[in-house]
Each structure stands twice: as C-alpha cells, then as structure tokens.
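Colleague: Okay, here's the structure, questions in a sec.
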Amino acid sequence: MKYTLIKICLLIFTLQLAAQENGSEYFPKDEPYPAPVSYANLTEEQAAFIALFEDKNVGNLHVYSSKSASPDVNYFYKGKPVPPALKDILPEKLALLTYLKGSEPHAVASIPGEAEELYLLRIPGEDWNNQIALYAMNGGQLEKLETLAYYDCNARRCLQQDSWLQDVNGDTRLDIITRQRKIRQNNTRVKYKTTVLLMQEDGTFRKSRKTDIAEKDYQMQKLR
53 MKYTLIKICL
63 LIFTLQLAAQ
73 ENGSEYFPKD
83 EPYPAPVSYA
93 NLTEEQAAFI
103 ALFEDKNVGN
113 LHVYSSKSAS
123 PDVNYFYKGK
133 PVPPALKDIL
143 PEKLALLTYL
153 KGSEPHAVAS
163 IPGEAEELYL
173 LRIPGEDWNN
183 QIALYAMNGG
193 QLEKLETLAY
203 YDCNARRCLQ
213 QDSWLQDVNG
223 DTRLDIITRQ
233 RKIRQNNTRV
243 KYKTTVLLMQ
253 EDGTFRKSRK
263 TDIAEKDYQM
273 QKLR
C-alpha cells in the first residue's frame with residue numbers, strides 16, 4: 053500500500069511537470085499562467101485572452117494610430133496578436149482576422165472602466181484604417197464601445213482621429229476626447245472636429261455639448 057501511494061504521487065508530479073513543460077492550447081510553453089486570484093470565475097480561454105493585455109492606469113492617455121499596419125517596436129500601441137485559439141471572444145468580423153498573418157487584431161492594453169476592465173484593440177490593415185478601438189467584456193464576449201483612433205490616407209486627402217482618455221468632468225469616470233483632422237493632399241484645407249464623450253453610470257459613452265476644453269492642449273500625433 054505504501055509503495056502504491058508513492059507511485060501515485062510520483063505520477064501526479066510527473067503529469068504536472070509535463071503540463072508546465074508543454075503548456076496548453078491557450079497558455080503555450082514559456083508563457084506565464086495568470087494568477088488564479090486575478091482571474092477568478094473565468095474560463096481558461098478568457099483568462100488567456102485577458103493576459104494578452106498590458107494593464108495601464110489612465111491619467112491622460114493619448115491614443116493614436118500608426119501609418120503602417122506593421123509598426124516597429126517603438127510604437128506605443130503595437131500590442132500582441134490575438135491567436136486563432138481565442139477568436140471566439142472577439143466579435144465575428146474580427147474573429148476571422150486571427151487567421152490572416154499581419155492582419156490579426158492586437159491586444160494593446162486593459163484600463164479601468166466604471167465597474168469592469170475595458171480593452172484597447174488595434175486592428176491593422178487598410179480595410180480597418182489601422183484602427184484602435186475600446187471594448188468591454190460582456191458574458192465572455194467583447195463588445196465595441198468607441199473608435200479611438202484611425203488613419204486613412206489616399207491620393208486626395210488624409211483622415212486621422214486621435215483620442216485622449218481621462219476624467220473630463222471630475223466624476224472619477226473615464227471619459228474620451230476625440231479630435232478628427234481632414235487634410236487635402238495639396239495642404240490648402242485643414243479641418244478639425246473635436247468631440248467630448250462622457251462615460252455614463254452604465255459604462256456607455258454619451259456625447260456632451262456642454263463640456264468645454266482647451267483644444268490647444270490636445271495636439272494630434274504627426275503621422276504624415
């Protein structure tokens with residue numbers, strides 16, 4: 053009986069080592085498994101997805117796009133590609149992109165929302181204008197809240213949107229300031245549009261017509 057117990061213990065220990073060595077579908081070898089306390093009540097798939105995002109505390113975060121679908125490592129919002137194994141958490145249109153090398157949605161950052169974490173995703177490529185958007189997790193599925201940044205340039209004009217994430221009105225909630233710029237290629241006309249989106253109690257955003265900001269304090273990233 054004594055030797056049987058020893059054999060069982062050795063077998064369990066061996067299996068544990070093999071699992072750590074080989075990883076799993078969601079946590080490959082050499083990737084750290086998320087801390088169980090931080091990922092309580094999540095499936096392994098959901099925990100793996102959230103682990104792709106870098107936690108950021110938001111004070112005044114300037115979010116801007118990239119000219120290239122494959123920016124270099126110096127681009128602050130490069131992020132990590134979402135693998136096909138985690139595609140079911142993404143909206144349907146984005147899930148299909150996980151199979152396209154170079155066009156995969158990239159997990160950029162997780163930031164505190166009203167009562168839950170919010171997630172920044174970068175969607176590279178011309179069809180998506182190298183977009184960065186803000187998402188919330190609802191029932192294990194990502195839902196888009198707002199488009200934060202994009203860059204779309206052709207032979208006639210260049211369109212760009214940047215955003216700043218901060219508490220605009222002092223209610224301690226995360227708000228969004230967006231600035232859009234349209235430039236004709238001959239540089240004869242430049243148009244700007246500024247919008248303030250205030251977070252509501254339910255975590256959604258609503259356009260404010262009464263909030264004034266000093267636009268000169270929000271200079272857009274130079275991408276041209």
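Counting with our numbering, you get residues 53 to 276 for the letters of the sequence shown. Don't be surprised by glycine CBs; every beta carbon is placed ideally from N, CA and C. Given the structure is predicted, the values throughout are model-derived calculations rather than measurements.
If you run the structure through DSSP and keep just helix, strand and coil, what is F257?
Modeller: Locating residue 257 in the sequence shown gives position 205, where the first residue counts as 1. Strand.
Colleague: Following the continuous beta strand (DSSP E) through Q212, name the residue where it begins and the one where it ends.
Modeller: Counting from 1 along the sequence shown, the entry for residue 212 is found at position 160. That run of the beta strand (DSSP E) goes R209 to Q218.
Colleague: Should T263 and L250 be called a contact, given that it needs their Cβ atoms to be closer than 8 Å?
Modeller: To locate residue 263, count along the sequence shown from 1; it is residue 211. To locate residue 250, count along the sequence shown from 1; it is residue 198. In this structure, L250 lies closer than 8 Å to T263 by Cβ.
Colleague: Let me know if V242 comes out buried or exposed under the rule of 16 or more other beta-carbons within 10 Å of its beta-carbon.
Modeller: Taking the first residue of the sequence shown as 1, we reach residue 242 at position 190. So V242 ends up on the exposed side.
Colleague: Given a cut-off of 8 Å, decide if V115 and S260 are closer than it, judged by their beta-carbon atoms.
Modeller: Working through the sequence shown from its first residue, we reach residue 260 at position 208. Working through the sequence shown from its first residue, we reach residue 115 at position 63. Against a cut-off of 8 Å, the Cβ pair of V115 and S260 comes out as no contact.
Colleague: Which residues bound the beta strand (DSSP E) around I235?
Modeller: On the sequence shown, residue 235 is found 183 positions in, with the first residue counted as 1. Segment D227 to R236, the beta strand (DSSP E) holding I235.
Colleague: Please state the DSSP three-state secondary structure of A161.
Modeller: Here the question's residue 161 lines up with position 109 in the sequence shown. A161: strand per DSSP, three-state reduction.
Colleague: Looking at the strands, I want to know which residues DSSP matches up with T106.
Modeller: Here residue 106 refers to the residue found at position 54 when the sequence shown is read from its first residue. First, the residue type needs correcting, since residue 106 is Glu and not Thr in the sequence shown. Beta-bridge pairing links E106 to A161.
Colleague: What separation, rounded to the nearest whole angstrom, lies between the Cα atoms of P149 and D269?
Modeller: Locating residue 149 in the sequence shown gives position 97, where the first residue counts as 1. Locating residue 269 in the sequence shown gives position 217, where the first residue counts as 1. At residue 149 the sequence reads Leu, which differs from the Pro that was named. The alpha-carbon atoms of L149 and D269 are separated by roughly 36 Å.
Colleague: In whole angstroms, give me the CA-to-CA distance for V220 and V110.
Modeller: Mapped onto the sequence shown, residue 220 falls at position 168. Mapped onto the sequence shown, residue 110 falls at position 58. Cα to Cα, the separation comes out at about 12 Å.
Colleague: Using DSSP with H/G/I as helix, E/B as strand and the rest coil, what is P136?
Modeller: Along the sequence shown, one-based indexing puts residue 136 at 84. P136: helix per DSSP, three-state reduction.
Colleague: Roughly how many angstroms separate the alpha carbons of F128 and V248, rounded to a whole number?
Modeller: Mapped onto the sequence shown, residue 128 falls at position 76. Mapped onto the sequence shown, residue 248 falls at position 196. For F128 and V248, the distance between alpha carbons rounds to 23 Å.
Colleague: Should D223 go down as buried or exposed, given a rule of 16 or more other Cβ atoms within 10 Å for buried?
Modeller: By 1-based counting over the sequence shown, the position of residue 223 is 171. So D223 counts as exposed.
Colleague: Which residues in the same chain as E156 place their Cβ atom closer than 7 Å to its Cβ, once the five residues preceding and following it in sequence are excluded?
Modeller: Looking up residue 156 in the sequence shown gives position 104. Contacts found: P133, V134, L149 and T150.
Colleague: Check the C-beta distance from E113 over to L217 and give it rounded, since I have them as a contact under 8 Å.
Modeller: To locate residue 113, count along the sequence shown from 1; it is residue 61. To locate residue 217, count along the sequence shown from 1; it is residue 165. Position check: residue 113 holds Leu in this sequence, whereas Glu was assumed. Indeed they touch by this definition, with Cβ atoms about 4 Å apart.
Colleague: Going straight from the alpha carbon of I265 to that of A103, what length do you get?
Modeller: Here residue 265 corresponds to residue number 213 of the sequence shown, with the count starting at 1. Here residue 103 corresponds to residue number 51 of the sequence shown, with the count starting at 1. Answer to the nearest angstrom: the Cα atoms are 35 Å apart.
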